[in-house]
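In what follows, a single structure is set out as structure tokens and then discussed.
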């Protein structure tokens, strides 16, 4: 959007750099930006804090820093006070950032927090963008897209590009942060989606990953997008990596998605215990999860099942049910996490009211440090870690999984890659840490 309005824009993705801070220092020397924008989730907040300090020290007050994203939206005042950011943008940021760049008085820009004479001021929330078709295509020319490569173990095509076809999720799961896109489902038209796909492929994308909160919220629209892709004659691999709800997909959609080039579907099963699912307002039934897995397998799509341990109503018995449920479903891949109550979620607010949050040190907010973050209502974190380890060992060393994986590895010629990533997953200490 900024580029289309004539501003000189650059993107610096430090996440793909081997020596990120050296690259940052060099870029600041060369470009001397007037405005720097950040976005982050809570686990990466500490990096925003440190990088903002580096930029302030190097460029002084000549640079204005703008911080947005899930963490900033959940905790705007803390984010202003704890970083060198001059402005926090809450929720969607396209319009607010454009108005900042155009020099509009801060008092007249909706959806921002800023400081004046040492006090934090806030403006009314900005309205959500209703017509997503009015947004420009993402400026992929600002990225060296060839660097975003994935091995065959993780993708069918390379480089991989993320694509958003809708915003918002009407569900009310307590573990999910809805502060950015909200619960109002807004969508791009099928024709716009196909035009954007064509653009991304022209820019060098070899695979597209749909990152919508819920691609299949409007199932008829989802089917129409698949039909439009088929009619266009486009041939490219894509996946629904963010996951679909088990109560939204049907066989017709899955068949169309596969015909249109989709090869993998993420599925949010979360738990094998109905009471635990009800406790997070997931709004699904165990039998719906079973049915969804059966349909995905019948159609022949690759599946990635998402599971969570340590939901608020979990007990040791429900943890056992979840492990057993994953083995019963046996998707092609399974990912499990120890539940973390992130800022901006109903779960975080509930735990904080109950005095269960032990730390607001956001550097701890990853599944490996859960015991330092909060006290679970029913379980020790030693128990959670035990079942987390059990889940992965039982699943990935299950004879059914190993047999299926070995056959696939030989048929696709990925034996060495599979061995490498298997060792990296289960024996991470064998591999050196990423250089800083």
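Numbering (the working numbering), first residue to last: 8 to 443. All C-beta atoms, glycine included, are put in the ideal place defined by N, C-alpha and C.
Chain-order list of residues whose beta-carbon lies under 8 Å from that of residue i (same chain, five-residue window excluded)
i, result
"residue 408", "337 and 402"
"residue 191", "135, 175 and 177"
"residue 443", "Its pLDDT being 39, under 50, residue 443 is placed unreliably in this model, and the coordinates cannot settle the point."
"residue 222", "172, 173, 229, 247, 249 and 251"
"residue 101", "8, 136 and 142"
"residue 38", "17"
"residue 114", "128 and 130"
"residue 198", "235"
"residue 398", "314, 316, 329, 330, 333, 341 and 343"
DSSP-derived helix/strand/coil call for residue i
i, result
"residue 200", "helix"
"residue 167", "strand"
"residue 387", "coil"
"residue 48", "coil"
"residue 190", "coil"
"residue 416", "helix"
"residue 436", "Caution applies to residue 436, whose pLDDT of 49 falls short of 50 and renders its modelled position unreliable; the model cannot decide the point."
"residue 173", "strand"
"residue 338", "coil"
"residue 288", "coil"
"residue 399", "helix"
"residue 441", "Per-residue confidence for residue 441 stands at a pLDDT of 43, beneath the threshold of 50, marking its modelled position as unreliable; no derived number is given."
"residue 330", "helix"
"residue 182", "coil"
"residue 375", "helix"
"residue 410", "helix"
"residue 322", "coil"
"residue 299", "helix"
"residue 13", "coil"
"residue 404", "coil"
"residue 355", "helix"
"residue 162", "coil"
"residue 294", "helix"
"residue 153", "helix"
Identified DSSP bridge partners for residue i
i, result
"residue 96", "119"
"residue 309", "271"
"residue 315", "344"
"residue 7", "Lying outside 8 to 443, the shown extent of the chain, residue 7 is not represented and no answer is given."
Short Cβ contact (8 Å threshold) for residue i with residue j
i, j, result
"residue 360", "residue 379", "no"
"residue 181", "residue 300", "no"
"residue 168", "residue 236", "no"
"residue 306", "residue 261", "yes"
"residue 29", "residue 59", "no"
"residue 352", "residue 316", "no"
"residue 224", "residue 296", "no"
"residue 269", "residue 249", "no"
"residue 251", "residue 274", "yes"
"residue 153", "residue 211", "yes"
"residue 83", "residue 73", "no"
"residue 321", "residue 386", "yes"
"residue 230", "residue 263", "yes"
"residue 328", "residue 279", "yes"
"residue 308", "residue 256", "no"
"residue 44", "residue 104", "yes"
"residue 98", "residue 187", "yes"
"residue 156", "residue 244", "no"
"residue 93", "residue 52", "no"
6 Å Cβ shell around residue i - same chain, five flanking residues per side excluded
i, result
"residue 292", "none"
"residue 117", "130, 131 and 133"
"residue 342", "313"
"residue 441", "Confidence in residue 441 is poor, its pLDDT being 43 and thus under 50, which makes the residue's placement unreliable; the coordinate value appears in the next sentence. Closer than 6 Å at Cβ, skipping near neighbours: no residue."
"residue 203", "144"
Close Cβ partners of residue i (< 7 Å) along its chain, the five nearest in sequence each way excluded
i, result
"residue 108", "9, 14 and 42"
"residue 436", "With a pLDDT of only 49 at residue 436, under 50, the local geometry of the prediction cannot be trusted, and no value is derived from it."
"residue 184", "77, 81, 349, 351 and 352"
"residue 284", "277, 278 and 291"
"residue 372", "49, 50, 347, 349 and 380"
"residue 195", "139, 140, 172 and 173"
"residue 259", "230"
For this session: Report the residue ranges of all beta strand (DSSP E) runs contained in full by the stretch 99-149; include only those spanning at least 3 residues, in chain order.
Result: DSSP runs (the beta strand (DSSP E)) wholly in the stretch 99-149: 119-123 and 126-129.
For this session: Go through the stretch 194-281 residue by residue and report every complete run of the beta strand (DSSP E) that reaches 3 residues or more, in order.
Result: 214-217, 245-251 and 269-277
For this session: Return the chain-ordered ranges of every alpha helix (DSSP H) run that is complete within the stretch 21-92 and spans a minimum of 4 residues.
Result: 27-38, 52-66, 77-81 and 83-89
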